[in-house]
Every structure is written in structure tokens, then in C-alpha cells.
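What follows is a single structure, written as C-alpha cells, with notes after it.
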Amino acid sequence: MVLVAAVAGLGGCGAGDAAEPAAPADNTAAICARWRQAEAPFLTNTAPEAEAYNRTIADAYEGKPVTGATGIRRKYWAAWADAVRPLAAEATGAGLRDALTAQVSTLDEHAAAGDAALSDVSSAVAQMCLPASGTAVNP
10 MVLVAAVAGL GGCGAGDAAE PAAPADNTAA ICARWRQAEA PFLTNTAPEA EAYNRTIADA
70 YEGKPVTGAT GIRRKYWAAW ADAVRPLAAE ATGAGLRDAL TAQVSTLDEH AAAGDAALSD
130 VSSAVAQMCL PASGTAVNP
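Mapped onto the numbering used here, the consecutive letters of the sequence shown carry residue numbers 10 to 148.
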């Protein structure tokens, strides 16, 4: 009888005995650094999709015929979304995760529509990941 009482006192089988899972560590700084690296090729036009997109814009301004511009724009927006998407999944901070998810959603919408207009797709994340002074941050 004593053995049963001792084992019963160890717990582990009751619903109330389960330990709460530990909250994941805040990875905001690391995700922000990776976000800056992911954004840079699209903002500096060094991503292959950004180069192609800018070529179509330049050609259009020069009056050259532009073939497949919508497809090029779709690839540009989709590549940008794909660069940010894993960060949204990995972010542990709810605010940053929500902002990244919203950015990916906006980029996906632009990709689906083949939008030509560049719009502000990063401001909510930028407010969290860039210094308030607006100075450049080394990724």
C-alpha cells in the first residue's frame, strides 16, 4: 500500500500535472537581421528578379516593346515574398510575426495581380527592425 501511495504522489499521469511548455526565446534581433538581408536585394535591385523588373520599366520609358512584363512583375513579387516567408514562420515575437505575415500577404497579392506599382510593403516590419534614426543598419 505504501508503494502505491508513493507512486501516485509522483504525478505525471493526471491532466493537471503536465508542465506548461516553455515559451520560445525571443528571436527578434536575429529575425530582423535576416529580414534586412532578405530585403536588401529587392530594395537595391540586385536580386535577379529586381533587375529584370527594372529593365522592363526602363524599356517602357524608352518606348521599347516590353514582352512578358506581367510575368516578370509576378516573379519579382513572388521572389520577394519567398525571401520573407520563412522569417514569418520562425519569428517568436507575436508583433513581428504578424507584421512579417502581413508583408508576405501583401507581396503575394502583388504577385497574383502582377502589379506594376511599387508600394510600401515593408513599413510595419521596418518600424520594428530598423533604428529610429533611419540610419543604415549593417545586416
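Built from N, CA and C at the ideal position, the CB exists for glycine as well.
Q: Quick one: residues in its chain with C-beta nearer than 6 Å to the C-beta of Thr37, no 5 flanking neighbours on either side, listed in chain order?
A: Scanning its chain for C-beta atoms nearer than 6 Å, with the 5 sequence neighbours on each side dropped, one finds around Thr37 the residues Gly102, Leu105, in chain order.
Q: Measure how close the beta-carbons of Asp124 and Trp86 come, nearest whole angstrom, since I'm counting them as under 8 Å.
A: Right, the Cβ-Cβ distance comes to about 7 Å (below 8 Å), so this counts as a contact.
Q.
Between which residues of its own chain and Ala149 is the CB-CB distance below 6 Å, once the five residues before and five after are set aside?
A. Residue numbering for the chain in the displayed model covers 10 to 148; residue 149 lies beyond these limits and cannot be assessed.
Q) With a Cβ-Cβ cutoff of 8 Å, do Ala111 and Ala92 count as a contact? A) Cβ atoms of Ala111 and Ala92: not closer than 8 Å.
**Q.** DSSP-derived helix/strand/coil call for Leu96
**A.** In the structure shown, Leu96 falls within a helical segment according to DSSP collapsed to helix, strand and coil.
Q. What first and last residue would you give for the alpha helix (DSSP H) that runs through Pro50?
A. Looking at the DSSP string, the run of the alpha helix (DSSP H) that includes Pro50 is 37 to 52.
Q | Contacting residues, own chain, Cβ-Cβ under 6 Å from Cys138 (five flanking each side not counted) | A | Cβ neighbours of Cys138 beyond the five flanking positions: Cys41, Trp44.
**Q.** Identity of the residue in Arg83, Gln46, Arg64, Tyr70 nearest Ala120 by Cα
**A.** Ranking Arg83, Gln46, Arg64, Tyr70 by Cα distance to Ala120 puts Arg83 first.
Q. With a Cβ-Cβ cutoff of 8 Å, do Ala34 and Leu96 count as a contact?
A. The Cβ-Cβ distance between Ala34 and Leu96 does not fall below 8 Å.
(Q) Whole angstroms are fine: how far does the CA of Ala108 sit from the CA of Pro30? (A) So the alpha carbons of these two residues sit roughly 25 Å apart.
Q) In whole angstroms, what separates the C-alpha of Ala49 from that of Ser128? A) Rounded to the nearest whole angstrom, the C-alpha separation of Ala49 and Ser128 is 16 Å.
(Q) Closest to Ala78 by C-alpha separation, out of Ala32, Ala126, Leu116, Ala56, would be which residue? (A) Of the candidates Ala32, Ala126, Leu116, Ala56, the one whose C-alpha sits nearest the C-alpha of Ala78 is Ala126.
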